[in-house]
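Here this note's numbering = 1-based position in the sequence shown + 803. Glycine included, every Cβ here is placed at the ideal spot set by N, Cα and C. Below is one structure, written out as structure tokens; comments come after it.
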Amino acid sequence: MNTPTSLSLEENLTAAAQWCTKRGEKLTDQRREVLSLLLAAPGSMKAYDLLAAIQKQKPTAAPPTVYRALDFLVAAGLAHKLESKNAFVACCDFEHPHHGVMLICDQCLTVKELSDETLEARLIEDAAAYGFSVAAQDIEVKGLCANCRNSESEGKP
Numbered sequence: 804m805n806t807p808t809s810l811s812l813e814e815n816l817t818a819a820a821q822w823c824t825k826r827g828e829k830l831t832d833q834r835r836e837v838l839s840l841l842l843a844a845p846g847s848m849k850a851y852d853l854l855a856a857i858q859k860q861k862p863t864a865a866p867p868t869v870y871r872a873l874d875f876l877v878a879a880g881l882a883h884k885l886e887s888k889n890a891f892v893a894c895c896d897f898e899h900p901h902h903g904v905m906l907i908c909d910q911c912l913t914v915k916e917l918s919d920e921t922l923e924a925r926l927i928e929d930a931a932a933y934g935f936s937v938a939a940q941d942i943e944v945k946g947l948c949a950n951c952r953n954s955e956s957e958g959k960p
């Protein structure tokens, strides 16, 4: 599951629905289904991978359905878009709006999210010092996760 919390998938979905209600919005069945797939994924998922998974149960599902759900989830803070991969991950801390730092493993493609308010504030301050107004702040760090590094050091592929 793509969350560092100890909540189950169902608990995460319930919390997300409550978050949407607080915002005056609704986590519809389609949005819930897309979020469920993102939460269960070990890494990121592309829109068409999500569509293929949904079409296993609902063969008539179409791309606009998935894209609308993803747009909503990102706007609500429930998911992040990984620009470098044109893919999406569930947010690990949606109740505290932030710009996460995504650690992306080049080998197994897992994604871990860091939330560092100090780093976020520092980047905004440094940008402001140059007269730059930050509109979006997405940081993607690529490398090898601990599992892949351990596999490499043991001589495993």
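Open item on the list: To the nearest angstrom, how far is the alpha carbon of N815 from that of K829?
Closed with: What you label residue 815 is simply residue 12 of the sequence shown in a count that begins at 1. What you label residue 829 is simply residue 26 of the sequence shown in a count that begins at 1. Here the C-alpha atom of N815 lies approximately 15 Å from the C-alpha atom of K829.
TODO: Would you kindly work out how many angstroms separate the C-alpha atoms of A882 and S956, rounded to a whole number?
DONE: To locate residue 882, count along the sequence shown from 1; it is residue 79. To locate residue 956, count along the sequence shown from 1; it is residue 153. In this structure, the CA atom of A882 is about 33 Å from the CA atom of S956.
TODO: Indicate whether V892 and A844 have their beta-carbon atoms separated by less than 9 Å.
DONE: As a position in the sequence shown, residue 892 is number 89, starting the count at 1. As a position in the sequence shown, residue 844 is number 41, starting the count at 1. Pairing V892 with A844 gives a Cβ-Cβ distance under 9 Å.
TODO: Using DSSP bridges, identify the partner residues of C908.
DONE: Locating residue 908 in the sequence shown gives position 105, counting from the first residue. G946, per the DSSP bridge assignment.
Open item on the list: Three or more C-beta pairs under 8 Å: does that hold for the stretch 860-876 against the stretch 921-930?
Closed with: no
- [ ] Note down the Cα distance separating I907 from L842, rounded to an integer number of angstroms.
- [x] As a working mapping, residue 907 is identified with position 104 in the sequence shown. As a working mapping, residue 842 is identified with position 39 in the sequence shown. In this structure, the CA atom of I907 is about 16 Å from the CA atom of L842.
TODO: With a 10 Å radius around its C-beta and 16 neighbouring C-beta atoms as the bar for buried, classify K859 as buried or exposed.
DONE: As a working note, residue 859 is residue 56 in the sequence shown. So K859 ends up on the exposed side.
TODO: Work out the CA separation of F897 and G903 for me, nearest whole Å.
DONE: In the sequence shown, the residue the question calls residue 903 occupies position 100. In the sequence shown, the residue the question calls residue 897 occupies position 94. Their backbone Cα atoms lie some 10 Å apart in a straight line.
Task: Close beta carbons around T806, own chain, < 8 Å, minus the five adjacent residues each side - done: One-based indexing of the sequence shown puts residue 806 at position 3. Note that T806 scores 46 on pLDDT, short of 50, meaning its location in the model is unreliable; the coordinates nonetheless yield the value given after this. Taken in chain order, the residues that qualify are N815, L842, A893, C895.
Task: Distance, S847 Cα to Q833 Cα - done: Translated into the one-based positions of the sequence shown, residue 833 becomes position 30. Translated into the one-based positions of the sequence shown, residue 847 becomes position 44. Cα-Cα distance, rounded: 18 Å.
Task: DSSP state of A872 mapped onto helix, strand, coil - done: Walking along the sequence shown from the start, residue 872 turns up at place 69. Of the three classes helix, strand and coil, the one that applies to A872 here is helix, per DSSP.
Open item on the list: Pull the bridge partners of G846 from the DSSP assignment, please.
Closed with: What you label residue 846 is simply residue 43 of the sequence shown in a count that begins at 1. T913, per the DSSP bridge assignment.
Task: Euclidean distance between Cα positions of A850 and E916 - done: Position 47 of the sequence shown holds residue 850. Position 113 of the sequence shown holds residue 916. Approximately 20 Å between the Cα atoms of the pair.
Task: CB contact check: N815 to chain D, cutoff 9 Å - done: Absent from the structure is chain D; it holds one protein chain and no more.
Open item on the list: My assumption, with CB atoms under 8 Å, is that M905 sits in contact with L885. Please give the rounded CB distance.
Closed with: Here residue 905 refers to the residue found at position 102 of the sequence shown. Here residue 885 refers to the residue found at position 82 of the sequence shown. That belief holds up - the Cβ atoms of M905 and L885 are roughly 6 Å apart, short of 8 Å.
Task: C-alpha gap between E836 and P862, whole angstroms - done: What you label residue 836 is simply residue 33 of the sequence shown in a count that begins at 1. What you label residue 862 is simply residue 59 of the sequence shown in a count that begins at 1. The straight-line gap from Cα to Cα measures roughly 14 Å.
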